[in-house]
Amino acid sequence: MVSNAIKNEELILNVLKLAGPITKTKLVKLLFLIDNEASAKINKKISSFAYVKYFYGPYPPELEDILSYLSAKGIIHYNENISCNGRRYYLISIDSPEYQKRGEMANIFSEKEEQIIRSIVNKYKDKSLEDILESVYALDSVEKATFGADIL
1 MVSNAIKNEE LILNVLKLAG PITKTKLVKL LFLIDNEASA KINKKISSFA YVKYFYGPYP
61 PELEDILSYL SAKGIIHYNE NISCNGRRYY LISIDSPEYQ KRGEMANIFS EKEEQIIRSI
121 VNKYKDKSLE DILESVYALD SVEKATFGAD IL
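Mapped onto the UniProt record's numbering, the consecutive letters of the sequence shown carry residue numbers 1 to 152.
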């Protein structure tokens, strides 16, 4: 059986592989939408993330440590960009050729989990962050949660 930590890492890497370079905010919302969909369809989350309602919706606090670890290992990379209004932002992408060449899902996820991951990423990867945020904020579990409360 695969540990929760490895499954969480693999989920992040598969989202990045399927979506391409994305911002951390978009990554977080895709992870939440995946786990929300899995909870509805298979009665359990795919990750072991604990999503808490913060200023910008659901956020798993443990994500920072995982992203730092993957970055330190050279598996992911933060690419700095500047928006048209002069704001700095970072796109996260897979940096390791080993992970880029590897097949998706790496035999970590069940067939149903793989379908959910692909379905959510394909549905949202080309949508604007604003559209994704609107979808997330419209969910009852997010809308009704108080600041700092567990959502999922």
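We put the beta carbon where it would ideally sit given N, CA and C, even for glycine.
Would you identify the three-state DSSP class for residue i, choosing helix, strand or coil?
{"i": "residue 169", "result": "The structure shown does not extend to residue 169, since the chain spans only 1 to 152, so no value can be given for it."}
{"i": "residue 81", "result": "strand"}
{"i": "residue 91", "result": "strand"}
{"i": "residue 53", "result": "strand"}
{"i": "residue 75", "result": "coil"}
{"i": "residue 58", "result": "strand"}
{"i": "residue 141", "result": "helix"}
{"i": "residue 132", "result": "helix"}
Kindly indicate the opening and closing residues of the alpha helix (DSSP H) around residue i.
{"i": "residue 152", "result": "First-last for residue 152: undefined, no H or E at that position."}
{"i": "residue 36", "result": "24 to 42"}
Could you pull out every residue in the same chain whose Cβ sits closer than 6 Å to the Cβ of residue i, ignoring the five residues on either side in sequence?
{"i": "residue 37", "result": "116, 120"}
{"i": "residue 112", "result": "42"}
Of all the options the options, which has the alpha carbon lying nearest to the alpha carbon of residue i?
{"i": "residue 66", "options": "47, 111, 145, 151", "result": "47"}
{"i": "residue 60", "options": "113, 29, 114, 136", "result": "29"}
{"i": "residue 70", "options": "12, 52, 2, 144", "result": "12"}
{"i": "residue 127", "options": "22, 79, 41, 109", "result": "22"}
{"i": "residue 49", "options": "136, 148, 7, 97", "result": "7"}
{"i": "residue 42", "options": "125, 132, 144, 109", "result": "109"}
{"i": "residue 58", "options": "75, 124, 25, 88", "result": "25"}
For the beta strand (DSSP E) containing residue i, list its first residue and its last residue.
{"i": "residue 117", "result": "Looking at the DSSP string, residue 117 is not in any beta strand (DSSP E); the run it does join, the alpha helix (DSSP H), is 111 to 124."}
Suppose the cutoff is 8 Å on Cβ atoms and the five residues either side in sequence are ignored; what does the same chain contact list for residue i look like?
{"i": "residue 143", "result": "137"}
Among the residues of its own chain, which have a CB less than 7 Å from the CB of residue i, if the five just before and after it don't count?
{"i": "residue 91", "result": "21, 22, 23, 79, 81"}
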